[in-house]
Structure formats: C-alpha cells, structure tokens
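Report on the following structure.
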Amino acid sequence: MTERDAIAALHALRENTVPPETVDAHDSVATQIRELLDLMAASRLDAAQAAEITEHLREVNTILRGAGAPEPERVWGRVDTVGRAQTLVPSVVDGTYVGDSFSGSVRFGTFHVGENSVVHGGAICMLFDDVLGALALEAELDPSRTAYLTVNFRSVAPVDETLTVTATVDRIEGRKQFIRGSLWAGERLCAEAEGLWVALKPGQP
C-alpha cells in the first residue's frame, strides 16, 4: 500500500456521501453483529453449538469477502448514524454538537464487560478516542491524529445502562488541539479524559 497525503484523504472522507439505502443496509448488519458480540460474550457453547455457528460464520465471511471495497469507499465508521455502521466502539446516540462541545448517550453491552458487570477500562479509552476525535472533525479543526489520550477512572461504569458522554475543545495551540471528555452514570462521574490531537502537515501519511 503506497503512502497517501493524510490531509487530502481525510478531506475526501468528509466530502464522501453514501446513499441512504447503503447506510441503512450497513446499519442493519452492524446491529446484528453488535448483538452477536454481546451474546457471544455472555455464552458458554458446547462443541455442537460452536461447530454450527462456525459454519454459519464461514458463509457470512464469504459474502463479506465478495463485498470488499477500497478504504475511501467503505461505510464502516464513516456515516452519521447510530454506531456509525461499525461494531467496535459502543453506539453513541442522541448526540448534540453545540459549537466546540458534544454531548450524547452511550450504552455498553456484554461484549465490553471487564468483570462484575462493569465496563472494561480499555473500552472506555476507545470510546473517548472516538468521541473526542469526532468532535475535532465536527468542529472543523485541521485534520489531525491522536498524539496522546489520558484517561482517569473515577468510578466503575455499568454495562446495559444509559450513560452520558461529553467532549469539549479545550484550547488550540498552533498545530496542537487539546480536547477533554467525561463519562457519567447519572450524576456520578465514571471517567475523565484529556487528549492531544496534532494537525497533520502536507504529505504526512
């Protein structure tokens, strides 16, 4: 794979439009995959069940291989819908952008459990990286990449409950974009994040 100018590539992604029927199709599949991941995490399969599921998944993978597309043409993570048609990051819904700030609701499923029905810390970090990075795009900051992300865990975050995630552009210093975030269970603070996104230079991959 040859190196590409990341600035041009990210601008192209922002301008890329996906037909509504394609978005709906991907959202439908992503919804089922999210449920599959949660059910798998909560299961204890016997050999016969595992063999049956494996065969079904082989058939599904065959279909997906035939639907492969170059990165700029993919839908995964690049549409403004519930979960953005992807399944890695938990779905953020009812999102509201006001200036340089964002607030939305998120629900972690069984797939994201660490133990004792609370969310794995790595899943929370992934959520912050996704939400804070998305705010940088929505606020029309210069195309950038994550330089660091610091997360402080204040209390456990429960799964299968609606939580609130927020993000705010704290300040801009030259190419440096400082963004903060928080995760709440009602009035209880679960985690806080501070990240630095550095604007790309022309020609950077």
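With UniProt numbering applied, the sequence shown corresponds to residues 1 to 205, in that order.
For every residue, glycine included, the Cβ atom is placed at its ideal position computed from N, Cα and C.
Practice problem: Just mark Ala167 as buried or exposed, buried being the case when its beta carbon has 16 or more other beta carbons within 10 Å. | Solution: buried
Quiz item: Can Arg180 and Ala193 be called in contact, C-beta distance under 8 Å?
Solution: yes
Quiz item: Shortest alpha-carbon distance to Gly109 belongs to which of His120, Arg145, Thr164?
Solution: His120
Quiz item: Of the residues Asp46, Thr87, Ala123, which one's Cα is nearest the Cα of Ser29?
Solution: Reading off the sequence shown, one finds Val at residue 29, where the question assumed Ser. Of the candidates Asp46, Thr87, Ala123, the one whose C-alpha sits nearest the C-alpha of Val29 is Thr87.
Practice problem: Flag this pair as yes or no: are the beta carbons of Thr81 and Asp130 separated by less than 8 Å? | Solution: no
Quiz item: With which residues is residue 208 paired in a DSSP beta bridge?
Solution: Residue 208 cannot be examined here, being either before or after the span of the chain that is shown, 1 to 205.
Quiz item: Are there 16 or more other CB atoms within 10 angstroms of the CB of Ile63, so buried, or fewer, so exposed?
Solution: exposed
Practice problem: State yes or no: is the C-beta of Val118 within less than 8 Å of the C-beta of Val106? | Solution: no
Quiz item: Whose C-alpha, out of Leu141, Arg58, Pro70, Arg74, is nearest the C-alpha of Gly99?
Solution: Leu141
Exercise. Tell me where the alpha helix (DSSP H) around Arg171 begins and ends.
Key: Note, Arg171: premise wrong, no alpha helix (DSSP H); beta strand (DSSP E) at 162 to 173.
Quiz item: Is it buried or exposed for Ser43, if we count other Cβ within 10 angstroms and need 16 for buried?
Solution: exposed
Self-check item: Assumed close pair Phe102, Leu135 - CB separation to whole angstroms, cut-off 8 Å
Solution: 5 Å
Practice problem: Note down the Cα distance separating Ser182 from Gly195, rounded to an integer number of angstroms. | Solution: 12 Å
Exercise. Report all residues from its chain with a CB closer than 7 Å to the CB of Ala41; omit the five preceding and five following residues, and keep chain order.
Key: Thr110, Phe111, Val113
Quiz item: Which whole-angstrom value describes the C-beta separation of Val169 and Ala139, a residue pair presumed to lie in contact below a C-beta threshold of 8 Å?
Solution: 6 Å
Quiz item: So Val79 packs on Val23, CB below 8 Å; how close in whole Å?
Solution: 5 Å
Quiz item: Where do the N-terminal and C-terminal ends of the alpha helix (DSSP H) with Gly133 fall, by residue?
Solution: 121 to 138
Quiz item: Since Val156 contacts Cys190 with CB under 8 Å, what's their CB separation in whole angstroms?
Solution: 7 Å
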